[in-house]
Structures are given as C-alpha cells and as structure tokens.
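Okay, so the sequence shown: first residue is -2 according to the numbering used here, each after it adds one. Each residue gets a CB set at the ideal place from its N, CA and C atoms; glycine is no exception. These figures come from a predicted structure and were not determined experimentally. Right, one structure below, let's go through it.
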Amino acid sequence: MPLKKAGRHFKGLCPFHPEKTASFMVNPERQIFHCFGCGEGGNVIGFLMKYESLEFPQALEKLAQRFGITLKKSFQDSPAHQKKKSEKELLLKINRIAARHFFDNLHEGEKGKKGRGYLEGRKINLKSAREALLGYAVPSGRELVNHLREKGISLEAAEKVGLIRKRDDQTFYDFFRDRLIFTIVSPQGEILGFSGRSLDSEVDPKYLNSADSPIYNKSESLLGFHVAKQPIRMKDQVILVEGNFDQLRLYQEGIMNTVAPLGTALTEKQVTLLKRYTSNFILIFDGDAAGQKAAMRALEVCLPLGIMPRAVTLNPSEDPDSFVMKEGAKPILDRIERAPLLLDATLEKIVEEGGDSASGKRTAVERIGHFLTLLAGDVEKSLYIQKVAHLIGLPEKIVAETTLKRSKKGSNFLPDFHEDEHRVPVVEKTLVEILISGRVPPADLLLEIRGSDFSFLLLGEAWERLRVDYEGNRAIDVGRIVTQELSEGLRKILTELAIGATEWEEKEEVFARDCIKNFHLGRYRGLLKGISREIREAERAHDLVKVRELLKQKNMLLRDINTLH
-2 MPLKKAGRHF KGLCPFHPEK TASFMVNPER QIFHCFGCGE GGNVIGFLMK YESLEFPQAL
58 EKLAQRFGIT LKKSFQDSPA HQKKKSEKEL LLKINRIAAR HFFDNLHEGE KGKKGRGYLE
118 GRKINLKSAR EALLGYAVPS GRELVNHLRE KGISLEAAEK VGLIRKRDDQ TFYDFFRDRL
178 IFTIVSPQGE ILGFSGRSLD SEVDPKYLNS ADSPIYNKSE SLLGFHVAKQ PIRMKDQVIL
238 VEGNFDQLRL YQEGIMNTVA PLGTALTEKQ VTLLKRYTSN FILIFDGDAA GQKAAMRALE
298 VCLPLGIMPR AVTLNPSEDP DSFVMKEGAK PILDRIERAP LLLDATLEKI VEEGGDSASG
358 KRTAVERIGH FLTLLAGDVE KSLYIQKVAH LIGLPEKIVA ETTLKRSKKG SNFLPDFHED
418 EHRVPVVEKT LVEILISGRV PPADLLLEIR GSDFSFLLLG EAWERLRVDY EGNRAIDVGR
478 IVTQELSEGL RKILTELAIG ATEWEEKEEV FARDCIKNFH LGRYRGLLKG ISREIREAER
538 AHDLVKVREL LKQKNMLLRD INTLH
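Now the structure itself:
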C-alpha cells in the first residue's frame, strides 16, 4: 500500500476501512501502525494477520520468508511437524494441478463446449468465469485419474482431497464427472477444494462438494472470499448469498463484496472470519421457505458474535441470481441500501403472527425470547425488551422475565459499562504519551503514579502494561507489548498513544512536568469533590465522628493541592 512521509511518520489511506483522507499512520521507530479513523493498530505481524487473514504462526513465517530469516522453532524441526507440512504441501499441489486441468477443460477446445454452453444459457460471460477460476470435469470418469498419473501424483494422496475415489476392485475413478467446477480458494490464494454443479437437471445431487480434508474445512471456507476480501474491507460491508451462482452473478454485475457458504448453513467460524473485515452483514437468501429458514439460522449464528445482520427479502420464486439476471444490479443495490435489520423484521413478524389474544401474545413473547437471549450485549437486550414491550403492548417487566427464563446465563439485562472514548481526559491521555516518549525518566513516573490513579480505566490498564514492560526490560517498547494477548480496545489505544508520543520527544521537559502537575491536580480535585459529597451525607445522617474524619482527609487534600500550586 502507498505511504507518504509525514514528519517522523508515514501516512496513507487505511486498508481496513473506506476513507478519502489518509488517517493511517506508521511509525518506523516504534515499529507500529495506527489508524485514527477506525482505531485499528498494532505491529507488522498484527498488520499482516489482519490484512491477509492469517493466524500468528502463518504471519510470522511469511515475514521470515520475505526477509530471509530462519525461524528456530523446535516443534517445526520435529519429524512429525515436517511430515505434516510435507503432506499439506503435496495436497495443495494436487489441488493446483486439478484446478488447472478443470480450467483448461472449460476454456480450451471441444472438451469444454458443454460447460461453456451451460454458462451462456445462464448469461455468465467467460471473463467472469475465468476470474472465478471456473472449470469443467468431463463425463468419462477416468480423465483426471490419468492426468494425475501422468504428472507423477500419488493417487492415494489425490483420494485424500476427494478428487478421486476407489472402487471395490481397487481401481480409481474421478469424483467430479460432467460438472461445472467452482474452485474454493483460501484468503491466501491456496486451492482448498471444489464444488461441482451438475449440467443435467435430472442428475442428483445438483452440487457435489469436496469433503473435509487435511487442507479443507467447509465450515471455515467461503466461496469467492479470495476476490471479495478487499472489496469487503473497502466497502465495510459483506453480502452473503446462499448459492454458487448467486455469488457469481453478483460478482459479474460488479457487486464484488459477495460470498457464499458452501453447501452448509452459515457457521460461527465463517462469521468470525468475516468479522475481521466488517461488522456490516447483508443477507440475500432465496425467497422460498428454505431460504427464509436459512436466514433464521444465520441470524442465530450472528447475534451471539455481536453481528446484527440486515436482510434483503425476495419473492418466493426468486433467488439473487434470477433477480439480478432479470433486473440488473441497481434494483438489488437499492434494496441493500434500504435493508432492515433482520432481528427487527423477525420480531415484527412474530408479533403480527401472535395477534391480539392473550395466548397469542404469550406465544409471541416466548418465541421472541429465543432471539433476545442470543444477543451478545445486555445493553442490546435491554433496548430490545423495550422495543418488544412497545410492539406487543405488554409491560417491559413481563417481557424481561419471560426472556430471563430462557436465558442460560440468567442475565439481568442491566446495561454493560462502556467507557466513552470521546470523553477520555486529555491530561490522562497526554501523561501516558509522556511515559511512552521517555521525555521524563520512566522510573520516576512509574514510582509517582499508578494505574489506579486514572479515572479512565483503559488508560490505567495501559499504564500498568507499560510498567510491566519497563520493569522487565528497563525500557518501554509498545511494539513489543502489542505482540502480547491484549483486548482490542487496549491494543488500539496503545498504538494511538505511541503515535502521539513522538511529539513529546521534541518538547522541553518542563511542559511534561506541567502535565504531570495538572494530572495530580485533576485527581486531587476529583477526590475532593467525592469527600465533600460524603461530608454532606454524613451531616444529614448526624454522624459527627465520620464528619470529623472526612474533614481531616479534606484538609490533607487541600494542603496537597496548595503544594502543587
């Protein structure tokens, strides 16, 4: 990604959210990045993990290869690990060979005539087919077996990835025959498996999919994700459809941020993967009963993960493929723009179906309770209880009690406490920046101030993390800290503060000392306000002993404040 020099930093457009003004900063000295637009931050490993959707070991290994560094990991040197790694590399190689074979079949010569004719009938152009890595498996049942044998590939290994099967007489045959082949690609571009669409309406099943293998898990994979991940990130939105052709159709029409599960209902792992890129989910499932049922299952998966999906409703006879083929892209984009929250639409439908009778309302509340217990946060639960009570015409207490009975956790729906990031005390934030900058000796600051002195809890937690780092290394390195297991909020605020800390490295120490003084003054005044309140309460209760003790504390605080002035 392009970056421009900006003082001691480098600056560019953030790859993790759409923006027109650059707010993505990289600090080479501290080896960290931070986006002041979306708050994302971390070190180079964290960047690669998020940008390419990698786990930590994969990101580390990729960086090591890029810079010619040999990683010394005892587990990687073990024979068991080497064997597993070699097997994975072989299976991926076999899939690459098969993908190229299917691709060439479709796009070259007479072999692919039937497949190309099928695509033409469904108004899919060959440009889209090539970009989607579509292929064709011929009917013979032996062609891929022979091709793999010619390439010197172990047929037993090819059987492991489900490309070929073994008959009772121990001979092998092709698993995919006379089918249009969709290639399943990992976020990193590896060929994981295949999905074959029958070209004959009388042949069942309509789709044959690769079985799970050492390199493929269908519950973790999404069709089209390898080409959709960047559009998803830049649009800050993902569109989920059910079928392979639904995904391909929207892709062809320029709606690039579209993916599809592969022959399964949407899974927790798939949602977790997509959450790395966006929290804005749009569901466009088939308009029939099966499609609506799939949408409900998707809602049940999304809610506990903190995702509130929106849904586009189609007529019972329509699916995204047929709708867009007939109407074009604009009508579906308009519907996406207006798509309601699926939970809201579901609750309204349940209330409507329940009617006005007492038994109908009771049934509606019980059905609604199922969805409310799935909500990730108690704030959301509380707000939806209010909404449902209004919709159904019952007291909130009744709705809450009914929902509470369904809740396994027994949540009382009290709102969570979330600190407002826009109310971070400037002096507290600045103090942490000074500590990171080293403008005042860290040992002095850490001795004088503790994390518990901060009113903003996350800053106090950051302070104590910095203390641990300093005590262990006699130096503070935010780049080192963010490699540790941190909450997302803590990681983001640390990288933001580290970027801001560079300004303090060039300021006079006297300004830093003034900030420290103001921090103490603010803290003492806060304590003074609390003690004054306690004195008033003690006076109302005629507790003279407590009043005298509190006055003593107040006088000590006033002396401390005068000393600072």
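In the DSSP assignment, residue 171 falls outside any alpha helix (DSSP H) and lies within the beta strand (DSSP E) extending over 169 to 171. Scanning its chain for C-beta atoms nearer than 7 Å, with the 5 sequence neighbours on each side dropped, one finds around residue 20 the residues 11, 32, 33, 34, in chain order. Per the coordinates, the alpha-carbon of residue 282 lies some 12 Å from the alpha-carbon of residue 306.
For the set 27, 499, 297, the Cα lying nearest the Cα of residue 366 is the one of 297.
Apart from the 5 residues on each side of it in sequence, residue 127 sits with its Cβ closer than 7 Å to the Cβ of 104 in its chain, given in chain order.
Just measuring C-alpha positions, the residue of 84, 120, 504, 145 sitting nearest residue 98 is 145.
Membership of residue 18 in any alpha helix (DSSP H) is not indicated, and neither H nor E is assigned to it by DSSP. Counting along the chain, residue 290 sits inside the alpha helix (DSSP H) bounded by residues 286 to 299. A straight line joining the alpha-carbon of residue 432 with that of residue 479 spans about 16 Å. In the displayed model, residue 448 falls within a helix according to three-state DSSP. Scanning its chain for C-beta atoms nearer than 6 Å, with the 5 sequence neighbours on each side dropped, one finds around residue 288 the residues 282, in chain order. Residue environment for residue 82: exposed (fewer than 16 other C-beta atoms within 10 angstroms of its C-beta). The alpha carbon of residue 139 has as its nearest neighbour, out of 161, 123, 149, the alpha carbon of 161. Taking all protein chains shown into account, residue 211 has fewer than 16 neighbouring C-beta atoms within 10 Å of its C-beta and is therefore exposed.
Closest option to residue 490, judged by alpha-carbon separation, among 421, 260, 100, 394: 421.
With 16 or more neighbouring CB atoms inside 10 Å of its own CB, residue 27 falls in the buried class. Residue pairing by DSSP puts residue 132 in a beta bridge opposite 178. Sorting 13, 29, 106 by C-alpha distance to the C-alpha of residue 7 places 29 at the top. The shortest CA-to-CA distance from residue 553 to any of 524, 541, 534 is the one to 524. Between residue 235 and residue 189, the C-beta gap is not smaller than 9 Å, which leaves the two residues out of contact. Excluding sequence positions up to five before and after residue 96, its CB lies within less than 7 Å of the CB of 130, 132, 180, 188, all in the same chain and listed in chain order.
With 16 or more other Cβ atoms from the protein chains shown falling within 10 Å of its own Cβ, residue 14 counts as buried.
Nearest Cα to residue 291 within the set 536, 316, 373: 316.
Uninterrupted alpha helix (DSSP H) stretches at least 4 residues long and entirely within the stretch 51 to 117 occur at 53 to 63, 71 to 74, 76 to 104, given in chain order.
For residue 186, the three-state secondary structure derived from DSSP is coil. Residue 284 places its beta carbon 9 Å or farther from that of residue 255.
For residue 213, the beta-bridge partners assigned by DSSP are 210.
In this structure residue 193 touches residue 173 by the C-beta definition: roughly 4 Å separates them, less than 8 Å. Going by DSSP, residue 31 is part of the beta strand (DSSP E) stretching over 29 to 32. Under the three-state reduction of DSSP, residue 162 is assigned to strand.
Rounded to the nearest angstrom, the gap between the Cα atoms of residue 43 and residue 551 is 48 Å. Distances from the CA of residue 24 to each of 392, 113, 434 were compared; the closest alpha carbon is that of 434. As a beta-bridge residue in DSSP terms, residue 255 pairs with 236. Counting only residues of its own chain and dropping the five nearest sequence neighbours on each side, residue 233 has a CB closer than 7 Å to the CB of 14, 15, 275, 277. Partner residues in the beta bridge of residue 195, as assigned by DSSP, are 176. By the neighbour-count criterion, in which 16 or more other beta carbons inside 10 Å mark a residue as buried, residue 527 falls on the exposed side.
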